[in-house]
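With the first letter of the sequence shown counted as 1, position 139 gets the number 139 in the working numbering; the numbers rise by one all the way through.
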Amino acid sequence: MSFLAGLPSGYLYRYMAQEIMKINLNPSKIENTEEIVTLLKRSIIEICGPDYDNSKTILNNWLVNKTPENLTKWIKDKNNISVSAIVDEKIVGFCMANVNGEILLLYVLPNNICEGIGRSMYLYIENILKAKNVKIVTAFSTITAAPFYNHMGFNRNEDSKELDEMNGEVKFEKSIAI
1 MSFLAGLPSG
11 YLYRYMAQEI
21 MKINLNPSKI
31 ENTEEIVTLL
41 KRSIIEICGP
51 DYDNSKTILN
61 NWLVNKTPEN
71 LTKWIKDKNN
81 ISVSAIVDEK
91 IVGFCMANVN
101 GEILLLYVLP
111 NNICEGIGRS
121 MYLYIENILK
131 AKNVKIVTAF
141 STITAAPFYN
151 HMGFNRNEDS
161 KELDEMNGEV
171 KFEKSIAI
């Protein structure tokens, strides 16, 4: 019998260091935009920044559109799907894709990387895309996220060229056809 038997259903559980972490995945809400924007900015600066030599130019270009106003528009957009990962009543991850299968944003708080949060959010989005009969998921990955996308079964698009704006952003694709 599993040690998870008897725990409430409807949540993802992650067993870590002798404790159980409950990851609650919910569609993102407008009232949480401030918290999500803070998460996005911290993740970009603290996790991704070092891979780009903490270049002020690159980071500023990356951060300029990460505002509560823009995030509100993106979440309200019927062509987007977004999910927030919540642990202990705190948003620790955010993922957004469009209905055509492009991952637009996938970020986790610095203290919560490598805990299965990114994977959980991606799989949540992938299942929605499968239900919408999307055949291929794409992601324009940063240097930092490339290993994550490889681990999730994505392949680098051989036709893609590195994008100058992000110093090495690369297109990844994954077939999810059933």
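We put the CB at the ideal spot given by N, CA and C, even for glycine. Given the structure is predicted, the values throughout are model-derived calculations rather than measurements.
Whole-angstrom distance between residue j and residue i, CA atom to CA atom
i, j, result
"K130", "L105", "18 Å"
"I176", "M21", "28 Å"
"T138", "F172", "6 Å"
"I75", "E102", "15 Å"
"P147", "C95", "17 Å"
"S28", "S55", "30 Å"
"Y124", "G118", "10 Å"
"I128", "M121", "11 Å"
"L39", "K132", "28 Å"
"E169", "N98", "19 Å"
"E89", "K41", "20 Å"
"I30", "E69", "10 Å"
"I178", "F154", "16 Å"
"G116", "T57", "31 Å"
"K73", "V83", "15 Å"
"K174", "V108", "21 Å"
"L25", "V87", "9 Å"
"R156", "T142", "12 Å"
"A85", "G49", "22 Å"
"G93", "I136", "23 Å"
"N150", "D77", "29 Å"
Residue i, DSSP secondary structure in three states
i, result
"E89", "coil"
"S120", "helix"
"E115", "coil"
"S43", "helix"
"I178", "coil"
"V83", "strand"
"V37", "helix"
"L25", "strand"
"K132", "coil"
"N127", "helix"
"A146", "helix"
"T57", "helix"
"T67", "coil"
"D77", "coil"
Rounded distance between the beta-carbons of residue j and residue i, thought under 8 Å
i, j, result
"N100", "V64", "Actually they do not touch by this definition, with Cβ atoms about 24 Å apart."
"I47", "W62", "No, I47 and W62 are not in contact; Cβ-Cβ is about 12 Å, not under 8 Å."
"I36", "I91", "6 Å"
"T33", "L71", "5 Å"
"T144", "D53", "About 12 Å separates the two Cβ atoms, so there is no contact after all."
Beta bridge counterpart(s) of residue i as assigned by DSSP
i, result
"I103", "A97, A139"
"F154", "DSSP output for F154 lists no bridge partner at all."
"V108", "G93"
Any non-hydrogen atom of the ligand NAD closer than 8 Å to residue i Cβ
i, result
"S175", "What this structure holds is no ligand at all, so the ligand NAD is not there to describe."
CB contact below 9 Å: residue i versus chain D
i, result
"K130", "Reference to chain D is not applicable here, since this structure consists of a single protein chain."
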